[in-house]
Every structure is written in structure tokens, then in C-alpha cells.
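K.L.:
Dumping the structure here so I can ask a few things about it.
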Amino acid sequence: FSTGCKKEGCTESCASNYDSKAKKNNSSCKGCTDLNAANYCPGAEIDDGSCTYNLSFTFSHTVGTTTLEFDTFKYTNDAGNDFSIETLKYFVSDITLHISNSDSVLIDDEHYVDSEDNSTLIFSPSQKIPNGDYSYISFTFGLNSNKNITGAYPNAPENNMEWPSPMGGGYHYMKLEGKHDSSGTTKNYQAHMGPTM
1 FSTGCKKEGC TESCASNYDS KAKKNNSSCK GCTDLNAANY CPGAEIDDGS CTYNLSFTFS
61 HTVGTTTLEF DTFKYTNDAG NDFSIETLKY FVSDITLHIS NSDSVLIDDE HYVDSEDNST
121 LIFSPSQKIP NGDYSYISFT FGLNSNKNIT GAYPNAPENN MEWPSPMGGG YHYMKLEGKH
181 DSSGTTKNYQ AHMGPTM
């Protein structure tokens with residue numbers, strides 16, 4: 001007669017050392033043990049430092065220390081002119097998370113913000129962020145030259161940010177528009193930023 005024993009090993013499929021031939025778990029499973037991580041492995045007994053996290057950015061806007069309000073003559077510039085803001089739209093890209101040891105993590109993505117559209121005020125990149133001690137964030141206001149290519153955003157609302165082809169094409173970095181009081185006369189203003197200005 002013959003006897004057999006069950007092979008021991010890690011039987012947790014999410015673990016980094018999962019053994020598909022193991023029939024009995026020997027408590028050796030390695031993986032992410034942080035419940036808050038995007039890749040939490042519920043059967044891992046040993047944390048292997050592989051935890052990654054979802055990250056979200058929330059955009060808010062102020063004029064000085066006051067929360068931005070649209071379509072109202074509430075603000076005064078340094079020249080003493082009252083002004084309103086009716087449009088504030090822009091791109092941010094290449095968000096970089098800087099680690100205290102001089103390393104960094106690049107989020108190679110871009111995000112369009114329309115300050116009046118709440119759906120654009122939160123940016124949650126699909127890229128998972130490794131656990132680390134991050135000291136600061138930097139980003140490109142607008143789009144770098146490799147991403148600022150005419151036709152890259154064929155759909156609304158981003159396609160409404162196209163920069164005029166005679167001026168080089170691509171996309172606006174920002175559109176800031178509103179009205180201002182010039183010696184008792186209300187006039188429109190447009191402050192547009194892009195690749196050539």
C-alpha cells in the first residue's frame with residue numbers, strides 16, 4: 001500500500017510566491033498586506049513591500065484667498081479695475097511625485113480642467129503609485145511639446161482647446177476669460193496661453 005502527503009506551499013493566488021501545485025498552505029505567502037493598498041492580497045502573511053496605491057488630485061481655485069466665483073464683478077486688480085471671471089480652462093500634465101532620496105515617480109498622463117465642470121475637478125490616474133515618502137509634487141502647466149499635437153484630442157471638451165494652426169497648432173495651455181470695468185465701461189478680456197505665447 002502507498003501513502004501520500006499534500007505538498008505544502010503558498011496557495012494564495014494573489015501572492016508573489018503562489019505555488020499552483022501546493023495543496024496545503026504553509027503560511028509562507030508573500031504580498032501586500034495593507035488593506036488600503038490597491039493590490040492588497042488578503043491571504044498574504046508576509047509583506048513583501050509591493051503595495052501600490054491609487055492617487056487622486058482635487059483641483060480648487062481661488063482669487064487671492066477667496067474661493068473663485070464666476071460671472072460676478074467681485075474682484076479688483078492691482079490697477080484698481082473691477083473684473084469678473086467667466087471661463088477658466090487648462091491642462092496639466094507630467095505630474096511628478098518626488099521622493100526624499102531624489103528619486104521620482106512620473107505620472108505620464110495629462111488632465112483637462114474646466115473650473116465650472118465638477119467632473120473635471122478630480123483626476124484619478126490609472127497608474128498605481130508605489131509606497132514611499134514623497135516630499136513634493138511638480139507638474140507641467142499645459143502640455144509638453146511631445147503631447148501638444150493637433151488632433152490628439154478629437155472629442156469635446158478638450159478639442160475646444162485647439163490652438164490656431166497658423167500659430168503652430170496644438171492646444172491652449174489655458175483659457176482665462178471674463179469682463180473688466182475700464183473707466184466705467186465694461187469690456188471683455190481674454191488671456192490665452194499656448195505654445196507660442
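For the sequence shown, the numbering used here assigns the number 1 to the initial residue and increments by one for each residue that follows. Note that CB positions come from ideal geometry on N, CA and C, so glycine has one too.
(1) Taking its Cβ as the centre, do 16 or more other Cβ atoms sit within 10 Å of Ser227, making it buried, or is it exposed?
(2) Out of Ser183, Thr186, Met161, state which residue places its alpha-carbon closest to the alpha-carbon of His192.
(3) What residue from Tyr75, Gly132, Glu110 has the CA that sits closest to Asn101's CA?
(4) Once you ignore the five residues that flank Thr58 on each side, which residues in its own chain have a CB closer than 7 Å to its CB?
(5) Quick check: what's the CA-CA separation for Ala79 versus Lys179?
(6) Are the beta-carbon atoms of Val220 and Tyr75 separated by less than 8 Å?
(7) Only counting runs of 4 or more residues, tell me where the alpha helix (DSSP H) segments fall wholly within the segment 105-180, in order along the chain.
(8) Note down the Cα distance separating Phe139 from Lys175, rounded to an integer number of angstroms.
(9) Rounding to the nearest angstrom, what Cα-Cα distance links Ile137 and Lys6 in this structure?
(10) Determine whether the beta carbon atoms of Gly49 and Glu12 lie at a separation below 8 Å.
(11) What's the gap between the Cα of His111 and the Cα of Ser145?
(12) Out of Cys10, Tyr189, Ala22, Ser20, state which residue places its alpha-carbon closest to the alpha-carbon of Gly31.
(13) Just tell me which of Asp109, Tyr171, Thr33, Asp71 has its CA closest to the CA of Ser124.
(14) Quick one: residues in its chain with C-beta nearer than 7 Å to the C-beta of Ser20, no 5 flanking neighbours on either side, listed in chain order?
(15) Whose CA, out of His98, Pro195, Pro166, Asn25, lies closest to the CA of Tyr134?
(16) On the DSSP letters alone, give me the boundaries of the beta strand (DSSP E) that Leu55 sits inside.
(17) For Pro164, I'd like the list of residues in its chain whose CB is within less than 6 Å of its CB, leaving aside the five on either flank, ordered along the chain.
(18) Helix, strand or coil, according to DSSP, for Tyr18 in the structure here?
P.N.:
Taking the geometry as given:
(1) As displayed, the chain neither begins before 1 nor continues past 197, which places residue 227 out of reach and without an answer.
(2) Met161
(3) Gly132
(4) Leu121, Ile122
(5) 15 Å
(6) In the structure as shown, the chain starts at 1 and stops at 197, and residue 220 therefore has no counterpart that could be examined.
(7) none
(8) 18 Å
(9) 51 Å
(10) no
(11) 15 Å
(12) Cys10
(13) Asp109
(14) none
(15) His98
(16) Premise fails: Leu55 is in no beta strand (DSSP E) and is neither H nor E.
(17) none
(18) coil
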